[in-house]
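In the numbering used here, the protein residues as written are -5 to 281.
Built from N, CA and C at the ideal position, the CB exists for glycine as well.
These figures come from a predicted structure and were not determined experimentally.
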């Protein structure tokens, strides 16, 4: 299986399965000398964890304690790959069956494509995979301390015994200027790819999104765009993504009824990874 690495210079590779021993990420391309804040990384991971007081959250109670294995010395990055892991400690594999194909999940497509899969909790298709994204995103945020990535969520209240989806809105305040390439590597194109690569994300809008289609050219030209020609302007970038209802309805196991709140820190992480990658790429844009 390929496609486990995102980015061209700042590269994040996620690894591990939902019910395997551990899950994590390798971050390559991070410059040496960056002050490394492990407490901040743990704080970002904690934002992703289910809320035990929220009736919409899964009851799987993982500590999700990060362990940094390489790439850091005396509190700073050393330019080598940064490897981090999080151990799985509360998996219940007995809730899953190798012969049961769950509707709305990736079970059938994985089985058809690979012929062999880890059926326990969805394997790589599980939301547990997003731990690696949050690990990479935390380091990306360290690289861009002046840029603030904020998110808010809206989630439709589900009917009893059902699940629901919703929206995550993201604001990128004070983004660096000149990020993005004007053809295939437009900043908004990479942001869209990063966010649409998150499981359950079904649509992506930037600035006013679909509303711009109903505006006149004169009206549209008055907008303070976050990007022009695929390149960041320095203005605030606004993004909206739609999250489908979780398909784990009436299925044995511990599942989120609404995953939207837990998607927010993952979405922030993917935005940060895209920005960090383009920030480092931009250093070679001119003499």
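Spatial neighbours of residue 26 within its chain, please: CB distance less than 7 Å, with the 5 preceding and 5 following residues excluded, ordered by chain position. Answer for residue 26: 71, 72, 73, listed in chain order.
Residue 125 in three-state terms, based on DSSP: Residue 125 falls in the helix class under three-state DSSP.
Are residue 125 and residue 39 closer than 8 Å when you measure CB to CB? The Cβ-Cβ distance between residue 125 and residue 39 falls below 8 Å.
Give every residue of the same chain whose Cβ lies closer than 6 Å to the Cβ of residue 101, excluding the five residues on either side of it in the sequence, and list them in chain order. Beyond the five residues adjoining it in sequence on each side, residue 101 comes within less than 6 Å, by CB distance, of 95 in the same chain, given in chain order.
Taking just the CA atoms, how far does residue 196 sit from residue 140? About 30 Å.
Drop a sphere of 10 angstroms on the beta-carbon of residue 69, count the other beta-carbons inside from all chains shown, and report buried for 16 or more, exposed for fewer. Flag for residue 69 reads exposed.
Exposed or buried, residue 0, counting other C-beta atoms within 10 Å across all chains shown (16 or more means buried)? By the Cβ neighbour-count rule, residue 0 is buried, with 16 or more other Cβ atoms within 10 Å of its own.
Inter-stretch contact at 8 Å, needing at least 3 Cβ pairs: the segment 255 to 275 / the segment 158 to 174: Three or more beta-carbon pairs drawn from the segment 255 to 275 and the segment 158 to 174 are found closer than 8 Å, and the two stretches are therefore classed as touching.
Is the CB-CB distance between residue 130 and residue 6 below 8 Å? Taking a C-beta distance under 8 Å as the contact criterion, residue 130 and residue 6 qualify as a contact pair.
Going by C-alpha distance, which of 180, 2, 13, 204 is nearest residue 227? Put simply, of 180, 2, 13, 204 the residue whose alpha carbon is nearest the alpha carbon of residue 227 is 180.
Pick from 205, 155, 220, 193: whose alpha carbon is nearest that of residue 183? Of the candidates 205, 155, 220, 193, the one whose C-alpha sits nearest the C-alpha of residue 183 is 220.
Alpha carbon to alpha carbon, how far is residue 115 from residue 79? Give it in angstroms, no decimals. Looking at the two C-alpha atoms, the distance is approximately 19 Å.
Where do the ends of the alpha helix (DSSP H) carrying residue 163 lie? Following the DSSP letters along the chain, one finds residue 163 in no alpha helix (DSSP H) but inside the beta strand (DSSP E) bounded by residues 160 to 167.
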